[in-house]
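Chains as they are written, first to last, in the UniProt record's numbering: chain C, 1 to 124; chain W, 1 to 124; chain Y, 1 to 124; chain D, 1 to 124; chain G, 1 to 124; chain B, 1 to 124. Shown next, in structure tokens, is the structure this report addresses.
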């Protein structure tokens, strides 16, 4: 294992997702521990580590991606919380979701704002 | 037709997409003119008109959405040009595309960076 | 707000979806009220308002779209009820779902007939 | 091989797709002949053979499905021609495509109307 | 009905899916009995009946397909059980799911390993 | 950069994809060099490096994934060539593609066998 990538990834994961990200990694330990490691090392240690875009910009792209893909409600939940955690406001998160309306249509967007409501209520 | 929505939409479309957006609208006149009108009125006159997110943030979400959806190369071309037009750098556009790697995998990302290369070359 | 589009959309929404559509709009008031307005104005006030296709034909297209997209079970529920509401029979709804089998495969179709069963039972 | 299913399917295929369908089947002979046979037997001999929906209704569902799925331009081309062949007008085909706008967004719809234009021009 | 295709399909369905497959067929009897028949006849009587690939190879392809499609958790459950039933080990099933990571990203993969955990626990 | 992961990945990439994989990596150098590095390090150095499944099994999963995703013709081309390169026969590749028919429908399958024909002709 490449300690430095893992450590860099862990620290970026914490900075971005807070507890939500680590909970996902932990939940994978019993069934596919390398999957958790890859998420830390590759997603956070490699992709997020580049500083051309800041964390808020990265979460805007990620919200656009997850809303569009569909069937990713658990991941959307983590990343809506992450978006708030890195400093996007609730209004900005809702607008990011709504921004996809012309590109993927209303069903995906309705499902995503319903996830946002759940996350917002939990953080009240 | 609601003149004010259409006018507001047209002016936002110009501000964001430059000539590329209007070319799409024009290309639809012969076959489905209402589709062009809806894009102007709904996408730009309604969705983009909200100012909670600025144009650069909206293009980051849109890139995340279009890369993820796949099969949207012509639209990706318009929005990569739009992203540059509203002030994102080439490096930021590339990073926005790469940011989707952990969420949609490499095939969509490779296809999108190939579209970006084409747009960048045309704007050189 | 364009009162006439909104009023036209509301009245088409009622004619097509009955109570189910309005319930969706209402459910969005707390988190993204403009999303509910767009659905009324754009989807129903613009798209459905064209009379080249009648309501039954539009619901056949919509069922084909929602079954295919997947992850749209709540919307499929609304539109299966809408299909019955505008006069398609249960047998026609089931056949519309089955018609997508050669194009999207059995998993999407099985999931959709299970939604249809739920809607049919509620309307018994 | 079940001759009766194959014959029933072939005759429905001809009735619906005209020459376009048979051309697809023929094109598969060299690489995967059973795929052509399955399309004839299963899609047309089984699915389309049920008469609860007529050919025009089935093509409306199919257009909704193919527009939504994306990346299916060749099949959309065949089925837009089929829709005209069974008696839907060009205006109805365009409206069927536009009807998916609220459900899948504009990129898929723009791509599909561009396919429709090509088919319409060829049939002029 | 073509008895021989149906019988061949039923016997392959039993050999591959064990009880899980027949339970799916039975569950469709009330709402769309022909759908159950098509799955037996077409999926198993036609597609799986070819012996160029063995059952384990076919389940590897099927896992790749279902993980990628998303929104197919019930079908993934049936086919993870089927994969074990035809002799793939738990470790091989997990690796097959993980193999899709570079091609569809982590959200689909996380959702699929969570389905695998449920199936493994039920079979303990 | 982690030399050992990169070297391990490069050598697995060569063993699996032959020249096709390296050509993809090279083509990304000008626009997004880290993307090429991630494919080598993560896809091949991490994912493929696990030996629970052999190269032929991994390509079966990959074909199932790429056929299903759609809009991935360039990647399908690379992996059909890779499947042949690691020892799957043409008949097995065709059957792997056909195996997805019940799960994703005929359009994706037709498009994929057309890609297979192109790859087979080039390797004749």
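Idealized CB from N, CA, C, for every residue including glycine.
It is roughly 11 Å from the alpha-carbon of residue 60(W) to the alpha-carbon of residue 100(W). Here DSSP, grouped into helix, strand and coil, assigns residue 115(Y) to helix.
For residue 46(C), the C-beta contacts it makes with chain B under 7 Å involve 38, in order along the chain. Rounded to whole angstroms, the separation of the alpha carbons of residue 33(D) and residue 41(D) is 12 Å. Chain-ordered listing is empty here: chain B has no CB closer than 7 Å to the CB of residue 6(C), the nearest sitting near 11 Å. Against residue 42(W), the close residues of chain Y are 38, 41, 42, 46, in the order they occur along the chain (beta-carbon pairs closer than 9 Å).
For residue 52(G), the closest C-alpha among the options 98(B), 46(B), 74(B), 22(B) is that of 98(B). Under the Cβ criterion of 7 Å, residue 33(C) is not counted among the residues facing chain D. By a beta-carbon distance limit of 8 Å, residue 70(W) contacts residue 70(D). Their separation comes to about 7 Å. A direct Cα-Cα distance of roughly 6 Å separates residue 6(G) from residue 45(G). Contact note: residue 71(W) reaches chain B through 70, 71, using a C-beta cutoff of 9 Å and chain order. Not flagged as an interface residue toward chain W: residue 29(B), since no C-beta distance is shorter than 7 Å. About 6 Å separates the beta carbon of residue 25(B) from that of residue 39(B), a gap short enough to meet the 8 Å contact definition. In its chain, beyond the 5 residues on either side, 21, 22 have a beta carbon closer than 8 Å to the beta carbon of residue 14(D).
Of all residues in the stretch 100 to 119 of chain D, only 100, 101, 102, 103, 104, 105, 106, 107, 108 place a beta-carbon less than 9 Å from a beta-carbon of chain C.
Setting aside the 5 residues that flank it on each side, residue 78(C) is surrounded in the same chain by 17, 20, 21, 24, each with a C-beta closer than 7 Å to its C-beta; the list follows chain order. The C-beta separation of residue 105(B) from residue 87(Y) comes to about 29 Å, leaving the pair out of contact by the 8 Å criterion. Contact of residue 98(C) with chain Y by beta-carbon distance below 9 Å involves 32, 34, 35, 38. Just so you know, the alpha carbons of residue 115(D) and residue 30(C) end up roughly 49 Å apart. Against chain B, a Cβ distance below 8 Å from residue 24(D) picks out 110. Put simply, the CB of residue 94(C) is near chain Y, with a gap under 7 Å to one of its CB atoms. The C-beta separation of residue 57(C) from residue 107(G) comes to about 20 Å, leaving the pair out of contact by the 8 Å criterion.
Going by C-alpha positions, residue 110(D) is about 13 Å away from residue 102(D).
Interface residue (Cβ-Cβ distance to chain G less than 7 Å): residue 90(B) is not classified as such.
For residue 87(G), not one C-beta of chain B is nearer than 7 Å to its own C-beta.
Residue ranges of uninterrupted beta strand (DSSP E) with 3 or more members are absent from the stretch 1 to 62 of chain D; none lies entirely inside it. If only complete runs of 4 or more residues are kept, the stretch 67 to 93 of chain B shows the alpha helix (DSSP H) at 73 to 85, in order along the chain. Contact annotation, residue 81(W) with residue 113(W): C-beta distance approximately 15 Å; criterion of less than 8 Å not satisfied.
Judged by their CB atoms, residue 67(W) and residue 83(W) are not nearer to each other than the 7 Å cut-off.
When C-beta distances to chain Y are compared with 8 Å, the residues of the stretch 48 to 82 of chain G below that value are 66, 69, 70, 71, 72, 74, 75, in chain order.
In the assembly as shown, residue 96(C) is a buried residue. Its beta-carbon has 16 or more other beta-carbons within 10 Å.
Here the alpha carbons of residue 49(B) and residue 9(B) stand approximately 8 Å from one another.
Here residue 62(Y) has 79 as same chain residues with Cβ atoms under 6 Å from its own Cβ, once five neighbours each way along the sequence are excluded. In the structure shown, residue 64(Y) falls within a helical segment according to DSSP collapsed to helix, strand and coil.
CA-to-CA, the gap between residue 27(Y) and residue 35(Y) works out to about 10 Å.
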